[in-house]
Amino acid sequence: MVTGARAATRAVRSATTALRHRMSAGELGSLPVVLVLAVVWITFQSLNPNYLSPRNLSNLSVDIVGTGMIAVGIVFVLLLGELDLSVGSISGLAAAVFAVLNVNNGVPEWLALVIAVLAGTAAGTVQGYSIARTRVPAFVITLAGLLTWNGLMLAVLGDSGTVNLDENGLVARLTSYYFTDDAVAYTLAAVAAGAVFLVSDHDRRRRRAVGMPHRSLRAIAVRTGSLAVIAFGAAYLLNRFQGLPLALLIFLVVVAGLDLLLRRTRYGRQVYALGGSVEAARRASLGVTWVQTAVLAASGTMAAVGGLFLASRITSVSQSSGSGVLLVNAIAAAVIGGTSLFGGRGTTWSAVLGMLVIQSIASGMAITDTPPAVQFIITGGVLFAAVVIDSLSRRSHEVHGRA
690 MVTGARAATR
700 AVRSATTALR
710 HRMSAGELGS
720 LPVVLVLAVV
730 WITFQSLNPN
740 YLSPRNLSNL
750 SVDIVGTGMI
760 AVGIVFVLLL
770 GELDLSVGSI
780 SGLAAAVFAV
790 LNVNNGVPEW
800 LALVIAVLAG
810 TAAGTVQGYS
820 IARTRVPAFV
830 ITLAGLLTWN
840 GLMLAVLGDS
850 GTVNLDENGL
860 VARLTSYYFT
870 DDAVAYTLAA
880 VAAGAVFLVS
890 DHDRRRRRAV
900 GMPHRSLRAI
910 AVRTGSLAVI
920 AFGAAYLLNR
930 FQGLPLALLI
940 FLVVVAGLDL
950 LLRRTRYGRQ
960 VYALGGSVEA
970 ARRASLGVTW
980 VQTAVLAASG
990 TMAAVGGLFL
1000 ASRITSVSQS
1010 SGSGVLLVNA
1020 IAAAVIGGTS
1030 LFGGRGTTWS
1040 AVLGMLVIQS
1050 IASGMAITDT
1060 PPAVQFIITG
1070 GVLFAAVVID
1080 SLSRRSHEVH
1090 GRA
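Per our numbering, the very first residue in the sequence shown carries number 690; after that it's consecutive.
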């Protein structure tokens, strides 16, 4: 009994020491975001017992997808230390292209969807190539893009102004279809936990083979176990309502795939390298023009995909599509989630966490009948805190020689 108590005390001390070391080194990772999310959920649950109900959490999981897709594209741009202000307009343009082609001109949904996404890719590619060749800051060119693509969206919609989508169509079902079989959600949870363990163990073996610092097998097991608890808990709650939403499944698959692209491929390493220093990347003979163009193309593509999911949620496209606070929320989600404004640091999962925080606040405000003004104030405060933490973390990295 005494031995067990001593072991527990040593474990707590070790964890506390490790936490202090990570804080001093600016390596807190996603911990601050998780704590903020926990505070948001506990606060609103105390104000309304239905906040964490299966129905509300299921709706929340679908609501984060549209803007979340756009935020994932923003992560790519932020990794270069740049900013894309055109994503809202591109999302609206893509939705308008799809609606006009399919509803007004009878083009098959799958073909209209592909053309709409390619329209976003083309818009991002034009901007990326312009940035790479002229070396004009991205926010200037994408600001021009914001106006251009918004004007083009209005031209595409024409006098109709609003186009209603088929509620039983392919795009509409992106956010209305649920896998009602409980096994689907539980299987996804098991696959996710297993994949994390296998990837982490592979990293451990690879790093150990070349003498690099690596996580212990026990640490990997604890991390995987924690993820499994969260995943199976989420699956249980979703199954208590209508099951696993198709939109959430697509979102998680896309985020995981793009995370692998950034962390496991040569292209991803080049993106992080450019975020560290563009000039150093040029001297290292990296394809700066190609990478910058590809990053803005990825941002445009994800904006188009997000625009289609947003249109699916309300089954319509109008002249206000892509406007309002969409751009602000997408950028805020990436930054709040932990992607650095200074470039070179962040992951696609940052956008998921940040979007969860923003949409959780919005959902809580709606369910407690809180004035929208308070939502903006709280979201702005969280964003301000995230920027301050990012700045302090960068300074700490500089002190420790890792900037």
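Yeah, the Cβ is synthetic: ideal placement off N, Cα and C, and Gly gets one too.
{"query": "CA nearest to the CA of serine 742, picked from Ser1039, Leu927, Ala936", "result": "Leu927"}
{"query": "Rounded straight-line distance, which links the Cα of threonine 810 to that of alanine 987", "result": "7 Å"}
{"query": "Valine 994 burial status per 10 Å Cβ neighbour count (16 or more: buried)", "result": "buried"}
{"query": "Local Cβ density within 10 Å of leucine 800, reported as buried at 16 or more and exposed below that", "result": "exposed"}
{"query": "Element boundaries [alpha helix (DSSP H), containing valine 729]", "result": "720 to 736"}
{"query": "Contact under 8 Å by Cβ, alanine 760 with alanine 1040", "result": "yes"}
{"query": "Chain D contact for serine 742 (CB, 8 Å cutoff)", "result": "Annotation note: the requested chain D is absent from the structure, which comprises a single protein chain."}
{"query": "contact_flag[the region 754 to 769, the region 1031 to 1040] where n(CB pairs < 8 Å) is 3 or more", "result": "yes"}
{"query": "One or two residues paired with leucine 933 in a DSSP bridge", "result": "Phe868"}
{"query": "CB of glycine 946 within 8 Å of CB of valine 873, strictly", "result": "no"}
{"query": "Residue closest to alanine 1062, alpha-carbon to alpha-carbon, out of Ala1075, Val1014, Ala992", "result": "Val1014"}
{"query": "Supposed close pair alanine 936, alanine 881 - CB separation, criterion 8 Å", "result": "The Cβ separation is near 17 Å, so there is no contact."}
{"query": "Sub-8 Å separation of alanine 844 and alanine 1000 beta-carbons", "result": "no"}
{"query": "Valine 806, enclosing alpha helix (DSSP H) - first and last residue", "result": "798 to 823"}
{"query": "Whether threonine 814 touches threonine 982 by CB criterion (8 Å)", "result": "yes"}
{"query": "Boundaries of the beta strand (DSSP E) in which valine 1006 is found, first to last residue", "result": "1005 to 1007"}
{"query": "DSSP three-state assignment for asparagine 791, whether helix, strand or coil", "result": "helix"}
{"query": "Bounding residues of the alpha helix (DSSP H) (the contiguous stretch that carries valine 761)", "result": "743 to 767"}
{"query": "Contact set for tyrosine 956: own chain, Cβ-Cβ below 6 Å, skip 5 residues either direction", "result": "none"}
{"query": "Spatial distance of glycine 715 from asparagine 748 (CA atoms)", "result": "Only weak support is given to the placement of glycine 715: the predicted model assigns it a pLDDT of 45, under 50, and the value that follows is read from those uncertain coordinates. Looking at the two C-alpha atoms, the distance is approximately 35 Å."}
{"query": "Unbroken stretches of the alpha helix (DSSP H), 4 residues or longer, contained in the region 876 to 945", "result": "906 to 928"}
{"query": "Other residues of its chain near aspartate 890: CB distance less than 8 Å, five sequence neighbours each side excluded", "result": "Leu906, Ile909"}
{"query": "Residue from Ala879, Ser1005, Val723, Met1054 with nearest C-alpha to glutamine 922", "result": "Sequence check: residue 922 is glycine here, not glutamine. Residue Ala879 is the option with its Cα nearest to glycine 922."}
{"query": "Terminal residues of the alpha helix (DSSP H) in which threonine 831 lies", "result": "827 to 846"}
{"query": "Threonine 1004 vs asparagine 853 beta-carbon contact at 8 Å", "result": "yes"}
{"query": "Beta bridge counterpart(s) of threonine 851 as assigned by DSSP", "result": "Ser1007"}
{"query": "Check whether isoleucine 820 and leucine 985 have beta carbons under 8 Å apart", "result": "yes"}
{"query": "Span of the alpha helix (DSSP H), counted from its first residue to its last, around leucine 859", "result": "Per DSSP, leucine 859 belongs to no alpha helix (DSSP H) and is neither H nor E."}
{"query": "Pair within 8 Å by beta-carbon distance, tyrosine 746 and threonine 1057", "result": "Sequence inspection shows leucine at residue 746; the tyrosine mentioned does not correspond to that position. No; because the gap between Cβ atoms is not below 8 Å, this pair is not in contact."}
{"query": "DSSP-derived helix/strand/coil call for leucine 1120", "result": "The structure shown does not extend to residue 1120, since the chain spans only 690 to 1092, so no value can be given for it."}
{"query": "With 16 other Cβ atoms within 10 Å as the buried cut-off, status of methionine 1054", "result": "buried"}
{"query": "Inter-residue Cα distance where the pair is alanine 861 and threonine 876", "result": "25 Å"}
{"query": "Beta-carbon gap between serine 1010 and leucine 726 smaller than 8 Å", "result": "no"}
{"query": "Leucine 1042, buried or exposed, once every other Cβ within 10 Å from all chains shown has been counted against 16", "result": "buried"}
{"query": "Asparagine 739, enclosing alpha helix (DSSP H) - first and last residue", "result": "No alpha helix (DSSP H) contains asparagine 739, which DSSP labels as neither H nor E."}
{"query": "Leucine 949 - DSSP class collapsed to helix/strand/coil", "result": "helix"}
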